[in-house]
Amino acid sequence: MADPLNVASCLRAMRRAGAAGEPVPADMVAMWAKVCIEALYGQQKPVRYECRRRGSNDPWEEAEPGDVTHPRRRNLVIRALYLHPPVAKQQHRWPAGSGGQGHCLDCGEVEWLAGPDCKPFAPLRDHRSDMPFRITWLIEPLEKLHYLAKHLGPTDRAKWRNETTYLIDRINDHEKGSQT
């Protein structure tokens, strides 16, 4: 396998190796760990180490240097705490020639009032696509109801035909709106 260059390709290789169910060479596991640690934390050193007795649920305590260098001898579990990598700030994008009067193309902030970093809005989801059925499935029963209204009295017939026509039109409008 070629050397994974990023965390995604590294995790994909791990999943494939796990699905195969065969042993993985130690140098491959070491390479995966190195790629993940370097990509997630860079070259930073741990802020501090914490330890607790192996198999214990006691709270974590700050580890002494000897605990870190000899955890098995002291029957300890060690964890390293890192600072999270800083999140890169996104710069505002202004329309050309706005002269301080434009709005950011990503977040909509007014140029003279905008803060130091751009925070674009999350795109709005159309929740109509989450429905467990297609609303157009209701058109056929409504058409049948419209047809069967001929067996009712004149007042009820007019009422049910108006209702079904209205609902069919709303469903068609809804479908046109969700396709655009």
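Residue 138 in this note's numbering is what sits at position 157 of the sequence shown, and the numbering runs on without skipping anything. Every residue gets a Cβ at the ideal spot worked out from N, C-alpha and C, and that includes glycine.
When we look at the beta-carbon of residue i and count the other beta-carbons within 10 Å, is it buried (16 or more) or exposed?
i: residue 145; result: buried
i: residue 44; result: buried
i: residue 73; result: buried
i: residue 16; result: buried
Starting from residue i, trace the beta strand (DSSP E) both ways and give me its first and last residue.
i: residue 30; result: 29 to 34
What residue range is occupied by the uninterrupted alpha helix (DSSP H) comprising residue i?
i: residue 61; result: It is not in any alpha helix (DSSP H) - residue 61 instead sits in the beta strand (DSSP E) that spans 57 to 62.
i: residue -9; result: -12 to 1
i: residue 123; result: 120 to 129
Quick check: what's the CA-CA separation for residue i versus residue j?
i: residue 105; j: residue 95; result: 22 Å
i: residue 159; j: residue -7; result: 35 Å
i: residue -3; j: residue 13; result: 13 Å
i: residue 125; j: residue 83; result: 55 Å
i: residue 56; j: residue 48; result: 9 Å
i: residue 46; j: residue -13; result: 32 Å
Which class does residue i belong to by DSSP, given the choice of helix, strand or coil?
i: residue 51; result: coil
i: residue 156; result: helix
i: residue 91; result: strand
i: residue 42; result: strand
i: residue 11; result: helix
i: residue 98; result: coil
Taking 7 Å as the cut-off, is the CB of residue i close to at least one heavy atom of the ligand NAP?
i: residue 105; result: Summarising the ligand content, the structure contains no ligands, and the ligand NAP is consequently not present.
Looking at the strands, I want to know which residues DSSP matches up with residue i.
i: residue 16; result: Residue 16 is not bridged to any residue.
i: residue 84; result: 91
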